[in-house]
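**Q** What follows is a structure written as structure tokens; I'll ask about it next.
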Ligand code: RIB
Ligand code: CA
């Protein structure tokens with residue numbers, strides 16, 4: 370039986386690649402996309418989600434708009450990484466479909482309570498929607514199957530400050546609520562996503578398949594390559610797609626049960642995720658954290674699935 374997932378997202382270049390990977394994976398049934406601010410504004414995130422699904426001929430997947438701003442912090446977006454459009458240099462036609470007429474928080478509560486322990490949520494943007502749903506409906510925490518979260522930097526440096534990873538930094542208060550909700554959590558932090566790099570050589574291979582999918586990927590990651598080069602990087606980190614490895618290639622990840630806190634103060638380490646490796650807090654683990662990955666093997670899985678998706682959607 371495929372794992373039924375809702376992706377909560379701020380598309381975003383790597384978010385878009387995660388949608389495509391989910392759609393290309395028979396182990397997954399993509400139930401819906403709920404959108405949030407983060408890489409881009411909520412409006413742009415929602416438009417991009419609709420447009421990317423239509424590009425992949427998956428326009429039947431519901432898109433539901435959520436939080437406009439973080440719980441406490443001001444809105445921020447990372448146009449320098451994802452471009453003003455949120456999808457790099459890719460040009461997506463205006464979507465034909467409209468989002469569901471419901472707030473994502475209410476949609477998540479309704480869907481999860483209707484089918485307890487059936488739906489997994491994959492937050493790959495700031496955790497604002499998830500935190501609001503937990504606060505609005507306390508029953509949610511017992512009914513959602515699991516959260517598989519792209520976020521945090523445990524032993525790795527941050528990517529938005531020296532300490533903090535972007536998704537957690539944008540809404541550290543939401544992360545604090547989610548991390549202490551009691552929901553089963555798997556965290557996919559920068560510690561592993563920085564080891565999963567899509568490189569120009571992979572794009573050259575993908576372009577052997579003539580498809581709007583491969584051309585979209587090429588145009589979308591150009592901005593990410595340029596940003597990566599600016600700090601001496603060598604490729605586009607597959608942050609969001611790597612969350613799906615927990616379903617399609619779990620053997621590539623090494624997970625550790627860990628108690629993790631997040632700094633939601635307003636100091637220099639705001640958004641930092643701390644792992645209690647030495648048990649100094651005497652608190653039980655609140656999540657499984659991916660600390661190692663066979664990154665090159667994950668990229669190979671990603672490329673092969675993109676090739677087959679692209680072949681199914683020829684020009
Ligand atoms: O830090 C990486 C995360 O921030 C990814 O989810 C990316 O899309 C951005 O949202
Ligand atoms: Ca994201």
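Numbering (this note's numbering), first residue to last: 370 to 684. No residue lacks a Cβ here, since even glycine has one placed at the ideal position from N, Cα and C.
Please confirm whether residue 546 and residue 503 have their CB atoms less than 7 Å apart.
**A** Position 177 of the chain shown, counting from 1, holds the residue named residue 546. Position 134 of the chain shown, counting from 1, holds the residue named residue 503. Cβ distance < 7 Å, so residue 546 and residue 503 count as in contact.
**Q** Using a threshold of 6 Å, is the CB atom of residue 526 nearer than that to any non-hydrogen atom of ligand 1?
**A** The sequence position of residue 526 within the chain shown is 157, counting from 1. Checking the Cβ of residue 526 against ligand 1 gives no.
**Q** For the beta strand (DSSP E) containing residue 662, name the first residue and the last one.
**A** As a position in the chain shown, residue 662 is number 293, starting the count at 1. Unbroken beta strand (DSSP E) run through residue 662: 656-662.
**Q** Distance check for residue 635 and residue 426, CA to CA, integer angstroms please.
**A** As a first step, residue 426 is located in the chain shown; it is residue number 57 there, counting from the start. As a first step, residue 635 is located in the chain shown; it is residue number 266 there, counting from the start. Taking the straight line from one Cα to the other gives about 43 Å.
**Q** When you compare the stretch 517-529 with the stretch 410-427, are there three or more beta-carbon pairs, one atom per stretch, that lie closer than 8 Å?
**A** no
**Q** Do you know whose CA, among 661, 575 and 630, lies nearest residue 533's CA?
**A** As a first step, residue 533 must be located in the chain shown, where it is residue number 164. Nearest option by C-alpha distance: 630.
**Q** Does DSSP put residue 552 in a helix, in a strand, or in coil?
**A** Position 183 of the chain shown, counting from 1, holds the residue named residue 552. Here residue 552 sits in coil by DSSP.
**Q** How would the residue list near ligand 1 read, in chain order, if you kept each one whose beta-carbon is closer than 6 Å to any heavy atom?
**A** 379, 381, 383, 384, 407, 408, 493, 494, 519, 528, 534, 535, 536, 608 and 609
**Q** Out of 373, 526, 572 and 590, which has the shortest C-alpha to C-alpha gap to residue 380?
**A** Taking the chain shown and counting its residues from 1, the one referred to as residue 380 is at position 11. Comparing Cα-Cα distances from residue 380 to each of 373, 526, 572 and 590, the minimum goes to 590.
**Q** Rounding to the nearest angstrom, what Cα-Cα distance links residue 456 and residue 682 in this structure?
**A** Here residue 456 refers to the residue found at position 87 when the chain shown is read from its first residue. Here residue 682 refers to the residue found at position 313 when the chain shown is read from its first residue. Cα to Cα, the separation comes out at about 20 Å.
**Q** Under 7 Å, do residue 493 and residue 385 count as touching if we go by C-beta distance?
**A** In the chain shown, the residue the question calls residue 493 occupies position 124. In the chain shown, the residue the question calls residue 385 occupies position 16. Cβ distance not < 7 Å, so residue 493 and residue 385 don't count as in contact.
**Q** Pick helix, strand or coil for residue 592, following the three-state DSSP scheme.
**A** Residue numbering aside, residue 592 sits at position 223 when the chain shown is read from its first letter. Three-state result, residue 592: helix.
**Q** From residue 446 to residue 568, what distance separates their C-alpha atoms?
**A** The residue you call residue 446 lines up with position 77 of the chain shown. The residue you call residue 568 lines up with position 199 of the chain shown. One C-alpha to the other measures close to 24 Å.
**Q** Does the stretch 393-411 come close enough to the stretch 620-630 to have 3 or more Cβ pairs within less than 8 Å?
**A** no
**Q** Any idea which residues DSSP pairs residue 492 with across the strands?
**A** Translated into the one-based positions of the chain shown, residue 492 becomes position 123. Answer by DSSP bridge pairing, in chain order: 377.
**Q** State the DSSP-derived secondary structure class of residue 670, mapped to helix, strand or coil.
**A** For the purposes of this step, residue 670 is taken as residue 301 along the chain shown, with counting starting at 1. DSSP places residue 670 in helix when its eight states are reduced to three.
**Q** On the three-state DSSP scale, how would you describe residue 427?
**A** Here residue 427 refers to the residue found at position 58 when the chain shown is read from its first residue. Three-state result, residue 427: coil.
**Q** Is residue 606 closer than 7 Å to residue 563 when the C-beta atoms are compared?
**A** Taking the first residue of the chain shown as 1, we reach residue 563 at position 194. Taking the first residue of the chain shown as 1, we reach residue 606 at position 237. Taking 7 Å as the Cβ cut-off, residue 563 and residue 606 qualify as a contacting pair.
**Q** In terms of DSSP beta bridges, what is residue 639 paired with?
**A** Residue numbering aside, residue 639 sits at position 270 when the chain shown is read from its first letter. In DSSP, residue 639 forms no bridge with anything.
**Q** Whole angstroms are fine: how far does the CA of residue 466 sit from the CA of residue 432?
**A** Here the question's residue 432 lines up with position 63 in the chain shown. Here the question's residue 466 lines up with position 97 in the chain shown. Near 9 Å, if we compare the C-alpha coordinates of residue 466 and residue 432.
**Q** Tell me whether the stretch 603-619 and the stretch 465-485 touch, counting them as touching only if at least three CB pairs, one residue from each stretch, are closer than 8 Å.
**A** The answer is no - the stretch 465-485 does not touch the stretch 603-619, with fewer than three Cβ pairs under 8 Å.
**Q** With a CB to CB cut of under 7 Å and the five nearest residues on each side skipped, what residues in its chain are close to residue 653?
**A** Residue 653 sits at position 284 when you count from the first residue of the chain shown. Excluding positions up to five away in sequence, the list reads 628.
**Q** Just to check my reading of the structure: residue 540 and residue 395 have Cβ atoms closer than 8 Å, yes? What is that Cβ distance to the nearest angstrom?
**A** Here residue 540 is taken as the residue at index 171 of the chain shown, counted from 1. Here residue 395 is taken as the residue at index 26 of the chain shown, counted from 1. That belief does not hold up - the Cβ atoms of residue 540 and residue 395 are roughly 33 Å apart, past 8 Å.
**Q** Would you tell me roughly how many angstroms separate the C-alpha atoms of residue 580 and residue 670, rounded to the nearest one?
**A** For the purposes of this step, residue 580 is taken as the residue at position 211 of the chain shown. For the purposes of this step, residue 670 is taken as the residue at position 301 of the chain shown. Pairing residue 580 with residue 670, the inter-Cα distance amounts to about 19 Å.
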